[in-house]
């Protein structure tokens, strides 16, 4: 049962070294390395292009049109965290702007992932404080209801636990459970190495059909070539 | 980390008596009794009007366009269960029709909640096998990839654990953690009793403004009446 | 400027006789009689089929996730009114259910048009209290912020003034300015009379091409028939 | 190249007997019998539940907000036809209502499939003239621009040629090329016969896992059962 | 009643000095200064990033797929105006491109806000003529039907009167009634000054919880901290 | 009937000279030159701004969540081609990334148009390999089902035949039948020449009302100017 009105101060963050390695691979590579799970819905988009980050999730649950708990979560941020904000119902209001970003940055946050709206886009880009959101909206919010901080939440279709690794870039947002961070980084590294080799072959004109030995299974399924 | 390729045969189902009591209250009442959490997104709609059910969740994770695991989950259904099907990416294909419904019913299922599409609507209504889905679609699916059965899933924005109570009717779908079933049923009963009294007063013309003592707080916030 | 925190108690309602005549014509006919303006966006749908009503608009402006002002508007309802509820930002929460419907009905309301969500659909249909909404959702709302009652609002793309006539049925919701109610009813009556004649001809196999003398203008624009 | 301003009077309609057989199978069965192609996008929905029809496509291409060509296509309708209306851009306006339905019926049409809006839903249901559309809207249209009749069109994602068989019911709309009508009807009949047998087994509690011999391929892919 | 076929040549424009001051604050700040009203729906997006403008609204009402009135409105543009184009039904067609932009600019327009589609994005960016629209689309439009110029319109959920101030940037589009322009500019200036101070404190690590004295009200509502 | 499991190796490509000329005009101009047909739905967007290409369509039909056929189509690419990928049901998965782009480029492809999702956006922009897609998503796909290569497909609402010219830029994607390529290029050239003259006049302050002689037809329809 989702508990409202609580702030968990102690969470176990994913290993920092593994987290930082995951940032280098990017969302798509990490998603593959996890076995194609953990990806937030594609309506989560960066408010400006080019950012690529990873960090430990500090979670917060908000109500529609109410951003009060974003002030509560600010206090729980540590250097290297990414705030993950879920909302109890679909809402595109502008929960977050440059003042909160200034505060989050001062506490050490690397970015924000929010299943709601964001504003002050121009300022946030100037500050280089990246946000992934489902909307951009000037709509102001109130401060009236209690949500929670650092409880398990569902954000854009993915269950996120405090301390999980969040990897975000232009492709989207992927969540790696804290205990899997290192293993996933290793799998991504292996995959990346393989891809470098494949890329060279493909660039030289070798076909995936041959490189992956696909011709036989395709023929078995009945693929026919016609002239 | 979402584990693929596993079937958990042993799950702890919510108390049957509490589950059946929750069915009587309906989704909106149960949602309120839980403190306004647990509601799936409103794009989950019944394929025909009028059904109201509750049951224990048997969960399944599917891939886009692949309904193979619905056959795997069928074996795990017990009398009184509701199957909750999540998909790893948005997909409206018609994963479920009258043949699977016949099988699910034979195993004791009370209905299906699927974050995908459903077909054979006419037959399902004739069978009175209720389904809540995000789409109706004839689109056929394949049987090629492994998902999982009875793992924790996210369906339409809500984390569902095997054994949780699912309450569904024309208003939508609410999920009650198994351990909270009885407490929630009690809270719903209290609320329902209170509502009966309120309903009588409102029907007699008493205003909510007076019945809930709202005039003072509204005035304090500055509400002004103009003639 | 949209004024928040005010309740206008005195509004000029459209003529009741004209209003009741408009109910008989239905939304599409009235929309045509107005010159094809005044129609709310088609995402406004009845929560159950078959209702056809008209009434004077009593307006209310709500905030996302907050239904407090629906209690305030209840007091302003007179026999024959339809409540029109706008929201300051998109929100599908369930602002309205059977308790408020009981109150609205006791005050004389004929129905509700709300650019938000509605719940207790089963009960509302049993009561025959029609609602046109953009969503059905169990999601509960709070009572924390001031909106306004009987100010001009925009609902589903249409500007609505208190006292305007609202005509709603399975086709959608049309708004007729109060001062135009009688004229629009007359225009609709003329149109309906003409349609009866046209319908008879079309049923007898006469083509619109001939009945409306379309062949010549089509030929002028260059329409070519090929065998 | 889509030719505008032409009406093809001679089209080759699909075999009537095969067409009528296809009506009996319904959209989902026919879609499967075709090899899982030919299905319009699932946003095409019936304006009222329960209709199941098949007929030969008479096609028409409309412009946004302009229904003039629906009068032109009326003349080309023969007994047993279904009009398929495409639009050159997304538009939900109410292109079609009870007057045109009266005319279409008088010419022998069995229904309409339109990638736009429909109105007079109440009257159309009373007439039992089924329509599949992407929206219900009172919005009136003009008569100003030339489209075409009986040219190949794309409707809701599917290429439709004049004379093709259209099968539509509560599950959606499927298009069968005229030359494939008989073969598809045969395939559907075979499939239906097989399903009757499967349905009986499933109703008796046999699992799809066993009936379809799925256990071995699932095990090969690594499916693990945990207690 | 929305009057079709009229062009109002005389409108009262908002004070130019206040208008220009509002441009400097941007949409989100102005929206807050107005009391959180006046914001168009967030689907209104700039066709390229970085523009921030304010101007007096010259309004125009269009029909779906018909841009004729954009030529009519061009004549009514004065230096410093922003054209606000509403449409009588949802339509994403490309009503506006580089030719009209050339004309609008020559007349003194600062930009366009249109609840429809826009094209020639590349050219418009090269000209630095900013547009906020709901879509980008090459789809051509016709010139067949009369709308109106400088009547009150509803654009993206907001009622706009001719002469109102429009403020638009990367966050969205806000409308300030002409008579409120100066008062709103003053309120925004006050707010901005306060924010500068707050920003400095937050950057220094002060928490919003303390700066806004939120700890006590949160505790009163029952917020609990757990270790 | 859409044939699955076939690869057509021989297709007739549109004339290269005409194709290259069409690239220079861009999507909107070509769409107009075709008589306002051939435009894909506006949800097809470039993954980064600024690209403008034209090429011969090599088509491929995919299933939801399965990108196997993209490897098959790679072999059929010739210098100057654009791959057009349709999917049998709506799916936003990330079918295409930098490895496939490397292969497509090595074969001579100028870009990709896909009615699905794309990933590795950062790398694709670095490579300057343009893609028009309906979504950006990291979601991985499988290789299990046969589609087809170089059959007629429907992509984003437009029927595309192998060899047709595809013109794509920031405004969207237009398809020109191969046999119409030259004629369309000529029509676009004429149109462009006319526009240069019009642009100069409009820039000088001449109104479209006068330049296009619109005042008389507007007056005939009853347009009234009010002071």
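Chains as they are written, first to last, in the numbering used here: chain P, 1 to 227; chain L, 1001 to 1227; chain Y, 2001 to 2227; chain B, 3001 to 3227; chain S, 4001 to 4227; chain E, 5001 to 5227. Quick reminder that beta carbons are idealized off the backbone N, C-alpha and C, glycines included. Being a predicted model, the structure only gives us computed values, none of them experimental.
Check, Outcome
"Same chain, Cβ closer than 6 Å to residue 4028/S, five either side skipped, listed in chain order", "4171"
"Sufficient close CB pairs (3 or more, under 8 Å) joining the segment 61 to 80 of chain P to the segment 40 to 51 of chain P", "no"
"Coil, strand or helix - residue 2102/Y by DSSP", "helix"
"Backbone secondary structure at residue 123/P - three-state DSSP", "helix"
"Close-in-space but distant-in-sequence residues of the same chain around residue 5097/E (CB under 6 Å, 5 per side omitted)", "5119, 5120"
"Rounded separation between residue 5090/E and residue 1155/L - CA only", "19 Å"
"Cβ neighbour criterion (16 or more within 10 Å) applied to residue 1222/L", "exposed"
"Coarse secondary structure for residue 2137/Y, derived from DSSP in three states", "coil"
"Sequence-distant residues of its chain with Cβ nearer than 6 Å to residue 3018/B (five each side left out)", "3181, 3182, 3185"
"Test item: CB-CB of residue 5173/E and residue 5044/E under 7 Å", "yes"
"Chain-ordered chain L contacts of residue 5120/E [CB-CB under 9 Å]", "Per Cβ cutoff of 9 Å: no residues; residue 5120/E is ~17 Å from chain L at best."
"Residue nearest to residue 1136/L in terms of C-alpha spacing, selected from 1143/L, 1124/L, 1070/L", "1124/L"
"Alpha helix (DSSP H) segments (min. 4 residues) lying fully within the segment 1135 to 1203 of chain L", "1181 to 1203"
"Entirely enclosed beta strand (DSSP E) segments - the segment 2003 to 2051 of chain Y, minimum 3 residues", "2006 to 2008"
"Residue 1090/L: first and last residue of the uninterrupted alpha helix (DSSP H) it sits in", "Residue 1090/L -> no alpha helix (DSSP H), and no H or E assigned at all."
"Selection of the segment 133 to 148 of chain P by Cβ proximity to chain S, strictly under 7 Å", "135, 136, 137, 138, 139, 140, 146"
"For residue 5061/E, the residue or residues it bridges with in DSSP", "5086/E, 5148/E"
"Beta-carbon proximity check, residue 1085/L vs residue 1187/L, cutoff 7 Å", "no"
"At least three beta-carbon pairs within less than 8 Å, the segment 4210 to 4225 of chain S to the segment 2 to 19 of chain P", "yes"
"Residues that residue 3216/B contacts on chain Y, provided the C-beta gap is smaller than 9 Å", "Chain Y residues near residue 3216/B: none, gap ~44 Å exceeds 9 Å."
"Partners in chain B for residue 1117/L, counting only beta-carbon separations shorter than 8 Å", "3042"
"Contact the segment 1137 to 1150 of chain L vs the segment 1099 to 1110 of chain L: 3+ CB pairs below 8 Å", "no"
"Chain-ordered residues of the segment 3146 to 3166 of chain B with a beta carbon less than 8 Å from chain E", "3152, 3154, 3157, 3158, 3159"
"Alpha-carbon to alpha-carbon, residue 2104/Y and residue 3040/B", "42 Å"
"CA-to-CA distance, residue 1169/L to residue 1115/L, given in whole angstroms", "16 Å"
"Residue-level contact to chain S via CB, residue 3065/B, 7 Å cutoff", "yes"
"Any chain B beta carbon closer than 7 Å to residue 4086/S", "no"
"Listed by chain order, chain P residues near residue 5094/E by CB distance under 8 Å", "28, 171"
"Beta carbon proximity, residue 2003/Y to chain L, threshold 7 Å", "no"
"Test: residue 1103/L CB closer than 7 Å to a CB of chain B", "yes"
"Proximity test, Cβ basis, 7 Å: residue 1198/L and chain Y", "yes"
"Min CB distance residue 7/P to chain S below 7 Å", "yes"
"Status (buried if at least 16 other CB within 10 Å, exposed otherwise) for residue 1213/L", "exposed"
"Chain E contacts from the segment 3048 to 3079 of chain B (Cβ-Cβ distance under 7 Å)", "none"
"Unbroken alpha helix (DSSP H) run spanning residue 5215/E, endpoints", "5215 to 5221"
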